[in-house]
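Asks: Convert by adding 11 to the 1-based position in the first sequence; the result is the number in my numbering.
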Amino acid sequence: MTEAIHLASWNVNSLRVRLEQVLEWLQASKIDILALQETKLTDDLFPVDAFENIGFHVVFSGQKTYNGMAIASRMPIQEVVTDLEDYIDPQRRILAATIAGIRLINLYVPNGAAVGTDKYDYKLTWLSKVTSFIEKQLLDYPLVAVVGDFNIAPEDRDVYDIKTWSGGVLVSPQEREAFAKLLSIGLKDSFRQFSQAEDIFSWWDYRTAAFRGNRGLRIDHILLNERLSATCLESKIDIEPRRVERPSDHAPVMVRFTKD
DNA sequence: ATGGTGGTCTTACCA
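Right, here's the structure in full:
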């Protein structure tokens with residue numbers, strides 16, 4: 012029996028502000044691999060020592076003020092990719108790496124602002140380019156996990172009040188089609204492999220004190236290819252880190268699986 | 001009620 016691997020993804024909305032929370036949670040939750048989004052740090056400022064001191068390797072693709080990606084892992088990290096060959100994008104929103112034979116693709120999908128805006132168009136274009144990249148990765152690697160902040164709630168049950176959100180950004184048909192396309196190329200939403208309680212979300216807007224009333228959306232996901240999903244034992248969202256003082260607006264999502 | 005809060009080389013922009 013192989014020991015289980017715990018893989019997680021968390022949009023931390025500034026690693027500088029959330030570093031202590033992340034380190035604490037990493038250790039308390041026995042996480043082996045953590046994908047981070049919105050680090051908002053340039054590479055020269057990345058807190059490498061803080062992660063290494065608790066036994067983690069770390070790779071990152073940073074940016075000032077906005078975006079910024081990282082992966083922390085107890086196991087060595089190889090074959091790091093930060094840019095797509097056929098899509099030049101100065102925004103740091105993708106970080107792929109191989110860890111213990113698993114191809115991990117960490118994404119921070121553009122928010123999209125509002126349907127019909129330039130940012131919305133950028134989101135759809137970005138998704139299309141990244142989907143092509145993932146399609147190729149699925150051919151090259153036997154075990155693939157695509158994780159991150161997708162900024163898409165795939166189904167109505169992933170939204171606290173679909174009437175309020177219907178047709179808007181994060182739930183619009185075109186965004187959901189882009190998400191469905193990711194599933195159609197050979198990925199599964201790990202969260203939906205298991206029975207889950209109702210009204211489980213991963214993001215709550217700071218602006219409306221949304222967390223207090225659990226007015227959230229499930230927009231952070233862990234997608235696994237067939238072979239990896241077959242070994243997945245659990246998929247959940249840990250909302251405890253959203254309860255603390257000065258939290259990220261996102262909660263971490265996590266899976267437990269045996270590698271073979 | 002198209003607001004609100006939170007983060008950032010802040011007085012604007014992003015989410």
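Backbone N, C-alpha and C define an ideal beta-carbon position, used for all residues, glycine too. From a predicted model like this one, the values you see are computed outputs, not experimental measurements.
Could you give the C-beta distance for I44 and L26, rounded to a whole number, given that I count them as a contact under 8 Å?
Replies: At roughly 16 Å, the Cβ-Cβ gap does not stay under 8 Å, so I44 and L26 are not in contact.
Asks: Does the Cβ-Cβ distance between G159 and D231 come in under 8 Å?
Replies: In this structure, D231 lies closer than 8 Å to G159 by Cβ.
Asks: Take I110 and list the residues in its own chain whose beta-carbon comes closer than 8 Å to its own, dropping the five residues that flank it on each side.
Replies: For I110, where only same-chain residues beyond five positions count, the Cβ hits under 8 Å are I44, I82, S84, M86, P87, I88 and Q89.
Asks: When burial is assigned at 16 or more other CB atoms within 10 Å of the CB, is I99 buried or exposed?
Replies: I99 is exposed by the Cβ-count criterion.
Asks: Assuming L115 and A46 form a contact by the criterion Cβ under 8 Å, report the distance between their Cβ atoms to the nearest whole angstrom.
Replies: Right, their Cβ atoms sit about 7 Å apart.
Asks: Could you tell me the distance, in whole angstroms, from the CA atom of K147 to the CA atom of F161?
Replies: Approximately 19 Å between the Cα atoms of the pair.
Asks: From this set, D210, S72, R226 and I173, which residue's C-alpha is nearest P101's C-alpha?
Replies: The shortest C-alpha separation from P101 is found at S72.
Asks: Could you give the residue range of the beta strand (DSSP E) that holds I248?
Replies: Element bounds for I248: C243 to I248.
Asks: Return yes when the Cβ of L228 is within less than 8 Å of the Cβ of W214, no when it is not.
Replies: Taking 8 Å as the Cβ cut-off, W214 and L228 qualify as a contacting pair.
Asks: Is it the case that the Cβ atoms of Q48 and Y133 are separated by a distance below 8 Å?
Replies: Their beta carbons are not under 8 Å apart, which means Q48 does not touch Y133 by this criterion.
Asks: Please determine, among I16, K51, Q74 and T93, the residue with the shortest C-alpha to C-alpha distance to G112.
Replies: If we check each option's Cα against that of G112, I16 comes out closest.
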